[in-house]
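First residue of the sequence shown: 365, per the working numbering; consecutive thereafter. A virtual CB, placed ideally from N, CA and C, is assigned to each residue, including glycine. As structure tokens, the structure follows; a few thoughts come after it.
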Amino acid sequence: MEKIKFDIVSTKWGFVALSLSKHGLRHVILPKAKKQEAFDALCAQLHGEELVPDENNPVLKVTGSKIKQYFQGRSVEFILKLDYNVATQFQREVWSVARTIPAGQTRTYG
365 MEKIKFDIVS
375 TKWGFVALSL
385 SKHGLRHVIL
395 PKAKKQEAFD
405 ALCAQLHGEE
415 LVPDENNPVL
425 KVTGSKIKQY
435 FQGRSVEFIL
445 KLDYNVATQF
455 QREVWSVART
465 IPAGQTRTYG
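Next comes the structure, spelled out in structure tokens:
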């Protein structure tokens, strides 16, 4: 069973859960009002992996810090290795295009 490291950070907008596999950042759960809600939302995304709390992991610490800054309205550059292993091909294509959209801009399709 694969072990997934995780941490839950408190932001201005609520609790954000982060998970990290050996391949990179796997999940970012959008803010929830309660810490348990963020944890439950993270658990709902799993595919049999074991969650291991790791609040001292350097990647999770840096990512958590940047997410806190982001929700404070600061401009933050996220340069992270992402784990696409559990994503569908469609999700991978959407994320690839989304990463090219400059901050503060939107795009539509169709």
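Proximity of residue i and residue j at Cβ, strictly below 7 Å
{"i": "ALA397", "j": "GLY378", "result": "yes"}
{"i": "LYS369", "j": "ASP418", "result": "yes"}
{"i": "HIS391", "j": "LEU415", "result": "no"}
Alpha carbon of residue i to alpha carbon of residue j, nearest angstrom
{"i": "GLU401", "j": "LEU394", "result": "10 Å"}
{"i": "VAL458", "j": "ASN420", "result": "31 Å"}
{"i": "LYS430", "j": "THR464", "result": "19 Å"}
{"i": "TYR449", "j": "ASP404", "result": "For the sequence presented, residue 449 should be read as Asn rather than Tyr. Approximately 21 Å between the Cα atoms of the pair."}
{"i": "LEU446", "j": "GLN409", "result": "16 Å"}
{"i": "GLN469", "j": "ALA462", "result": "10 Å"}
{"i": "GLN455", "j": "GLY388", "result": "16 Å"}
{"i": "GLU413", "j": "LEU384", "result": "11 Å"}
{"i": "LYS399", "j": "LYS432", "result": "15 Å"}
Neighbourhood of residue i by C-beta distance below 6 Å, restricted to the same chain and skipping five residues each side
{"i": "PHE435", "result": "THR375, LYS376 and TRP377"}
8 Å Cβ shell around residue i - same chain, five flanking residues per side excluded
{"i": "ASP371", "result": "ALA381, LEU382, PRO417, ASP418, GLU419, ASN421, LEU424, LYS425 and GLY428"}
Residues near residue i by beta carbon distance below 7 Å, same chain, minus five either side
{"i": "PHE442", "result": "LYS430"}
CB contact check: residue i to chain C, cutoff 7 Å
{"i": "ALA467", "result": "You won't find chain C in this structure, because it holds only one protein chain."}
Open item on the list: If we require 4 or more residues per run, which alpha helix (DSSP H) segments fall completely within the region 365 to 450?
Closed with: 399 to 407 and 422 to 435
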